[in-house]
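Same order as they appear, the protein sequences are chains Z and D. Going by this note's numbering, the first residue of the first sequence is number 1371, and it counts up by one from there. Going by this note's numbering, the first residue of the second sequence is number 1371, and it counts up by one from there. Beta carbons: idealized from backbone N, C-alpha and C, even for Gly. What follows is a short report on a single structure.
Protein chains: 2
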Amino acid sequence: MVGIRDVAKTSGSAVATVSRYLNGQITLRPETKKRIDDAIAELGYQPNVMARRLASGSSETLGLMTTDIEYPFFAAIASAAEAEASASGYQLAVFNSRNSTEKELEILHAVERRQIDGLIVLTNHTDTGGLAEQITKSGKVVLIDEDVSGATAPRVFADNRHGGRLAAECLLRHGHTEIAFVSGPRGMISVEERLAGFVERLEEDGVELNEALIRCGDYSEAFGSTTLTEMMSAGPRPTAVFAGADNIAVGILKGARSAGIGVPDDLSLVGFDDVSYGELLDPPLTTIRQDAHAFGREGVRALLRVLEGGSADEIERVRVELIERGSVAQL
Amino acid sequence: MVGIRDVAKTSGSAVATVSRYLNGQITLRPETKKRIDDAIAELGYQPNVMARRLASGSSETLGLMTTDIEYPFFAAIASAAEAEASASGYQLAVFNSRNSTEKELEILHAVERRQIDGLIVLTNHTDTGGLAEQITKSGKVVLIDEDVSGATAPRVFADNRHGGRLAAECLLRHGHTEIAFVSGPRGMISVEERLAGFVERLEEDGVELNEALIRCGDYSEAFGSTTLTEMMSAGPRPTAVFAGADNIAVGILKGARSAGIGVPDDLSLVGFDDVSYGELLDPPLTTIRQDAHAFGREGVRALLRVLEGGSADEIERVRVELIERGSVAQL
DNA sequence: CTGAAAGCGCTTACAG
DNA sequence: CTGAAAGCGCTTACAG
């Protein structure tokens, strides 16, 4: 193994000089620089990253925890997070929690063990048993997309309330007043805020959301599918649905297809997220776009800021917008 | 900072004992075990992973390089790779090459710098300028999905030839003989093998593939779209297309839609990959499924094997299967 | 099992 | 800039 002392020896300079030069903490005069560069080339020296990490106290690694990186929205976040981390000299390690609190706690432990410098956390449930304490204690976490209530950490959320308003506006504009809201579990910030904005905008036009048409279950295709079937067989029947996520919307689409209900002719549909395949659906899905890349990018930036001692109670909002395609029809 | 020597001191045992106990290299008698466990709990000791890594010479990290982890097929690979790595005590770092050879070489360098123990490489081009040498030199790489010719490394590929045969069989069974092949660049193993199997099966039924209907460009939606438009305006017109990837198939679908060509009524279509949204398309896409999870899982296993000194010229094939949905019609 | 210590290969004060 | 060295917190022979 050729180490930094070998470079120092053959270049005739000090270990400290070589180290500082390689880390850009010093500017050498040309001759010294050349001697060191030559020695590095001659010896084929490669700095040992692990040694640097131990000595400097940084793992040069950031973590990203999602339920499963395979989901398109999370994959897009990971891609942007990797780019941003890499631009700042960090590598990105990904962790799948499979929506298990136990696994989440285990992943959070990686911070304490110095396996990663900090962690971007994306949870998908309200029952957080101990998560909040761990997060606050570590001080090296940022929360994105969903909240862990009670935790002290910077947050990057979508502008959910505005998204709810946009969905309501679109449906109202097309003449709908009998509207269902199908979404994930009550208590999640994405559900509550979107619903609040939705109701708020509806009420501005004097439209009341029927309690029986608020269906909160979980963020899954299956839930969308079964809920649609239920809703269309028992009254009151809506003329439009606002789905809290595109995968729920897909479930609704499938359920409608098998029930012989035409979208958008018999039922209008607005989703949330704007996953990549939304425009390929039949009909192409009208939806509220969240900028997944912004979550990844801003998540990493917020994490880097808090690691440098920045404030932990920032809350940033990622903008949303209405993408009109073909799943909403005039009533 | 509480270190292992503090645990040794308060538990009244030796540093070596604590270390070996924590790493499971030793079984202690109950009293000793309890004293150490108590000390760890009392002090809130957390082993410093970076120190362990330096001393033991393993970064406990595996890398996965794709052009962009955001693509569904790669995201699925990453998910399975993370699960498999995690089960073996490794973390998974992801790297996006953006299809740049320069970036690929930089990522490969992480192995030399001991930043990662090994790397799973997924490239997407034939021009490999220097990649093969780097890979062979490192000896800590496995190639998945696509080849880097000339490199010495274990490989995990799809059974592309068989996939080509399955596609041909499906189309022949539906009476098609004027068939186009639209795929990525010539020279890529996925293209050549799929084409070879396709042609082979066609010829078994006495069907000749028209040279003018072999269109190799790149693995993109745009290429599928423009190629379809070209092909349908100039003769000879095919009655079916075998697309080398689902994203190309999506491009063909879009192109057909805007040209007023009905799929499958006017044109049958078979894809390759089976990305998650294939069944949501209109019509649902008939395709050759590659098991993305198998790539991730087997890639990690092959990497772990080669890191333990295993042979570097294994080549493993991931099975493929025909998924019949709605994009192929009887002629 | 214990105890004392070398070693992993860096970074970083420190005195010059 | 140099030189010599402590320190990061582990693992791992080694002698007992």
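Within-9 Å CB hit, A1446/Z to chain D: Answer yes: the Cβ-Cβ gap between A1446/Z and chain D drops below 9 Å somewhere.
Check whether the Cβ atoms of F1567/D and G1533/D lie closer than 9 Å to each other. It should be pointed out that residue 1567/D corresponds to Gly in this sequence rather than to Phe. Inclusion of G1567/D and G1533/D in the CB contact set at 9 Å is warranted, their separation being smaller than that value.
Specify, as a first and last residue, the run of the beta strand (DSSP E) that S1638/D falls within. Looking at the DSSP string, the run of the beta strand (DSSP E) that includes S1638/D is S1638 to D1643.
Neighbour list for P1442/Z in chain D, Cβ cutoff strictly below 9 Å: E1440, P1442, A1445, S1646 and Y1647
What separation, rounded to the nearest whole angstrom, lies between the Cα atoms of D1616/D and R1405/Z? 54 Å
Can you name the residues that DSSP bridges to G1488/Z? L1432/Z
Going along chain Z in order, which residues have a C-beta closer than 9 Å to the C-beta of S1628/D? Near S1628/D there are no residues of chain Z at all, since even the closest Cβ is about 13 Å away, more than 9 Å.
Could you work out which residue in M1558/Z, H1544/Z and A1538/Z is closest to F1551/Z when comparing CA atoms only? A1538/Z
Give the interface partners of P1606/Z over in chain D, defined as CB-CB distance under 9 Å, in chain order. Near P1606/Z there are no residues of chain D at all, since even the closest Cβ is about 29 Å away, more than 9 Å.
Let me check one thing: in DSSP terms, what residues is Q1660/Z bridge-paired to? V1690/Z
With 7 Å as the limit, tell me which residues of the region 1408 to 1430 of chain Z have their beta carbon closer than that to any beta carbon of chain D; keep them in chain order. Q1416, P1417, N1418, V1419, M1420, A1421, R1423, L1424 and S1429
For L1701/D, is the classification buried or exposed, using 16 other Cβ atoms within 10 angstroms of its Cβ as the cut-off for buried? exposed
Just the C-alpha distance for T1482/Z and K1403/D, rounded to the nearest angstrom, thanks. According to the sequence displayed, residue 1482/Z carries Glu and not Thr. Cα to Cα, the separation comes out at about 23 Å.
Amino acids of chain D, ordered along the chain, whose beta-carbon sits closer than 7 Å to that of V1464/Z: Under the 7 Å cutoff, chain D gives A1448, E1452, L1462 and V1464.
For S1575/D, collect the residues of the same chain with a Cβ closer than 6 Å to its Cβ; drop the 5 residues on either side in sequence, then sort them by chain order. Checking the sequence shown, residue 1575/D turns out to be Asp, not Ser. L1542, listed in sequence order.
Taking only beta-carbon atoms, is R1659/D less than 9 Å away from chain Z? no
Would you mind telling me which residues of chain D sit closer than 7 Å to Q1504/Z, beta carbon to beta carbon, in chain order? Correct list: empty, because the minimum Cβ distance to chain D is about 13 Å.
What in chain Z is Cβ-close to E1482/D, meaning under 7 Å? In chain order: Q1416.
Please look up how many angstroms separate the CB atoms of A1448/Z and G1666/Z, rounded, as I've assumed it's under 8 Å. 7 Å
One question on the structure: do L1536/Z and P1524/Z come within less than 9 Å of each other, judged by their Cβ atoms? no
State the CB to CB distance for the pair V1377/Z and L1413/Z, rounded to an integer number of angstroms; the pair is presumed to be in contact (CB under 8 Å). 6 Å
Chain Z contact residues for Q1395/D, given Cβ-Cβ distances below 7 Å: Chain Z residues near Q1395/D: none, gap ~19 Å exceeds 7 Å.
Contacting residues, own chain, Cβ-Cβ under 6 Å from E1563/D (five flanking each side not counted): Apart from the 5 residues on each side of it in sequence, E1563/D sits with its Cβ closer than 6 Å to the Cβ of N1530 and R1531 in its chain, given in chain order.
Quick one: residues in its chain with C-beta nearer than 8 Å to the C-beta of P1653/D, no 5 flanking neighbours on either side, listed in chain order? Sequence-distant partners of P1653/D (beyond 5 residues in either direction) whose C-beta falls short of 8 Å from its own C-beta, in its chain, are V1633, P1634, R1695, G1696 and S1697.
CB-CB under 8 Å to I1505/Z, same chain, minus the five flanking residues each way: which ones, in chain order? The answer, listed in chain order, is L1478, V1491, V1511, L1513, V1518, A1521, T1522 and A1523.
Enclosing beta strand (DSSP E) for N1466/Z [first to last residue]: Boundaries of the beta strand (DSSP E) harbouring N1466/Z: Q1461 to N1466, taken from the DSSP string.
Taking the straight line between their C-alpha atoms, what separation do you get for R1571/Z and P1555/Z? Straight-line spacing of the CA atoms in R1571/Z and P1555/Z works out to 21 Å.
Note down, in chain order, every chain Z residue with its Cβ under 9 Å from the Cβ of D1652/D. L1650, L1651, D1652 and P1653
Confirm, please, whether the CB-CB distance from R1484/Z to G1427/Z is below 9 Å. yes
Can you give me the start and stop residues for the alpha helix (DSSP H) that I1439/D sits inside? I1439/D -> no alpha helix (DSSP H), and no H or E assigned at all.
For the beta strand (DSSP E) that A1613/Z lies in, which residues bound it at each end? A1610 to A1613
Could you tell me which chain Z residues have their CB closer than 7 Å to the CB of Q1700/D, listed as they occur along the chain? Those do not exist, as Q1700/D stays about 22 Å from chain Z at its closest Cβ, beyond 7 Å.
Give the DSSP-derived three-state secondary structure of L1513/D in the structure shown. strand
Within the 9 Å Cβ cut-off, does K1624/D reach chain Z? Chain Z contact via Cβ: present.
Leaving out five residues before and five after S1603/D in sequence, what residues of the same chain have Cβ atoms less than 7 Å from its Cβ? none
Would you list, in chain order, the members of the region 1500 to 1532 of chain D that have their beta-carbon closer than 8 Å to a beta-carbon of chain Z? none
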